[in-house]
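Written below as structure tokens is the structure these notes are about.
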Amino acid sequence: MSNSTNVSIIIVNYNTKKLTNDCIQSIFKVTQDVKYEIVLVDNGSTDGSAEYFENYNGIIFIKSGKNLGFGKANNLGYEVSSGKYVFLLNSDTVLLNNAVKIFYETMECLPKNVACIGAPLVAADKKTITTSYGKFPEFKDIFKALFNLYIGKLLNKSIIEPGTQKVASPIDVDYITGADLFIRRNVIDECGLFCPDFFMYFEETELQLRYNKSRYKSQLVPGPEIIHLEPSLKERKKKRYTTIHRYIFFEGMFLYFKKRDSFLKYFVWRLLNLGYLPTTFSTMGTITQKMQLVLLFIGIKTIRR
1 MSNSTNVSII IVNYNTKKLT NDCIQSIFKV TQDVKYEIVL VDNGSTDGSA
51 EYFENYNGII FIKSGKNLGF GKANNLGYEV SSGKYVFLLN SDTVLLNNAV
101 KIFYETMECL PKNVACIGAP LVAADKKTIT TSYGKFPEFK DIFKALFNLY
151 IGKLLNKSII EPGTQKVASP IDVDYITGAD LFIRRNVIDE CGLFCPDFFM
201 YFEETELQLR YNKSRYKSQL VPGPEIIHLE PSLKERKKKR YTTIHRYIFF
251 EGMFLYFKKR DSFLKYFVWR LLNLGYLPTT FSTMGTITQK MQLVLLFIGI
301 KTIRR
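Under full-length UniProt numbering, the letters of the sequence shown match residues 1 to 305, in that order.
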């Protein structure tokens, strides 16, 4: 490993050519006084991304050949990276200030048991804080989720709070979202990066739970200014209620709890999750896709990766 590189920025692109280009250009524009490299992994895009980025100046470009999912693609990028720190950055982000240097200098000053840091992300308006961190999901959360799904909807009230707040100094959080996750390389070497069993969703949660069990912490820090171009609320709701999106989400969630809990506790938790089944048929998708989702709930995976 080359000691001259301070930070390896890893970006995964899947059919987001324009967003990825904007992200990379923002890095070039605002990053200075820190030695960094950009590793771009194209995840089997079909929008011409591979051809566009293949000869792109200033990056290390890797083609995965197919859609490996978020975690595996980042693992692939990590294999060719060389920085003391690894900065996992979503393709739909834009850096507004010298965030890479700020993250680097912050981590250099933090205790060695802080493995991961991230910053409060902002929406396109540069004001609204978007989801930047979260609490480790627990067994009891299924009751909150079902309340939110049925009773909370009637009352127009949610008891599940997103991780959105500004900070004046570093604070401990359970996990940082994968949109801007800055990690010590030595911790990755010790505890690993993403579990390859995950395709998408909950992989960064499981990662930081694993680190936490090894007595490492995650912190939300002030300073870096990063836009996360998440879909609008209307677009998120539309995506959330597509059958394939729910399949991928629950697939990741089931795997997270399977790895987290004992067999008996996991079995009871899976039974409680059957409470979601009535909503399955209100999702947008084909009958085949809906049946695949139903089968997933009763423990039969029909989509192989």
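No residue lacks a Cβ here, since even glycine has one placed at the ideal position from N, Cα and C. Just so we're clear, the structure is a prediction, and the values are computed from it rather than from any experiment.
request  = Just the C-alpha distance for Ile24 and Asn212, rounded to the nearest angstrom, thanks.
outcome  = 31 Å
ask   = Hey, how far is the Cα of Glu190 from the Cα of Thr164?
value = 30 Å
request  = Less than 8 Å between the CB atoms is what I'm expecting for Met200 and Phe70, so what's the real figure, rounded?
outcome  = 5 Å
Enclosing beta strand (DSSP E) for Gly118 [first to last residue] = 114 to 118
message = Does Gly65 pass the burial test, meaning 16 or more other C-beta atoms within 10 Å, or should it be called exposed?
response = exposed
query = Which class does Val167 belong to by DSSP, given the choice of helix, strand or coil?
reply = coil
key: residue 309: first and last residue of the uninterrupted alpha helix (DSSP H) it sits in   = Here the chain comprises residues numbered 1 to 305, so residue 309 is not present and cannot be evaluated.
inquiry  = Please return the same chain residues whose Cβ sits closer than 8 Å to the Cβ of Tyr247, not counting the five positions on each side in sequence.
reply    = Gln289, Gln292, Leu293, Leu296, Ile303
key: Sequence ranges, alpha helix (DSSP H) only - wholly within the UniProt domain "Glycosyltransferase 2-like" (8 to 135), length at least 4   = 17 to 30, 49 to 53, 70 to 79, 99 to 109
Whole-angstrom C-beta distance between Val114 and Ser8, which should lie under 8 Å = About 18 Å; that fails the 8 Å criterion.
request  = In angstroms with no decimal places, state the Cα-to-Cα distance between Lys259 and Pro196.
outcome  = 13 Å
Opposing strand residues paired with Phe182 [DSSP bridges] = Phe87, Ile117
inquiry  = Distance check for Ser132 and Cys116, CA to CA, integer angstroms please.
reply    = 13 Å
inquiry  = Just list the residues that DSSP pairs Gln219 with in beta bridges.
reply    = Ile117, Asp172
query = By a C-beta neighbour count over all protein chains shown, 10 Å radius and 16 as the cutoff for buried, is Arg215 buried or exposed?
reply = exposed
ask   = So is Lys17 buried or exposed if we call it buried at 16+ other beta carbons inside 10 Å?
value = buried
inquiry  = Let me make sure I understand the geometry here. Which of Ser81, Gly48, Asp47, Thr46 has the alpha-carbon closest to that of Ile59?
reply    = Ser81
query = Where does Ile227 fall in DSSP's three states?
reply = strand
request  = Grab me the residues of Lys135's own chain with a C-beta within less than 7 Å of its C-beta, minus the 5 sequence neighbours each way, in chain order.
outcome  = Asp174
query = Looking at the unbroken alpha helix (DSSP H) that takes in Thr288, where does it start and where does it end?
reply = 287 to 297
message = Whole angstroms are fine: how far does the CA of Ser4 sit from the CA of Asp33?
response = 13 Å
ask   = If we count the other Cβ atoms within 10 Å of its Cβ and call it buried at 16 or more, is Ile176 buried or exposed?
value = buried
task = Could you check how far apart the C-beta atoms of Pro170 and Leu220 are, in whole angstroms? I think they sit under 8 Å.
result = 7 Å
task = Quick one: using the 10 Å Cβ neighbour count with 16 as the cut-off for buried, is Gly118 buried or exposed?
result = buried
Unbroken alpha helix (DSSP H) run spanning Thr242, endpoints = From DSSP, Thr242 is part of no alpha helix (DSSP H); its letter is neither H nor E.
query = Would the beta-carbon of Gly77 fall within 8 Å of that of Asn6?
reply = no
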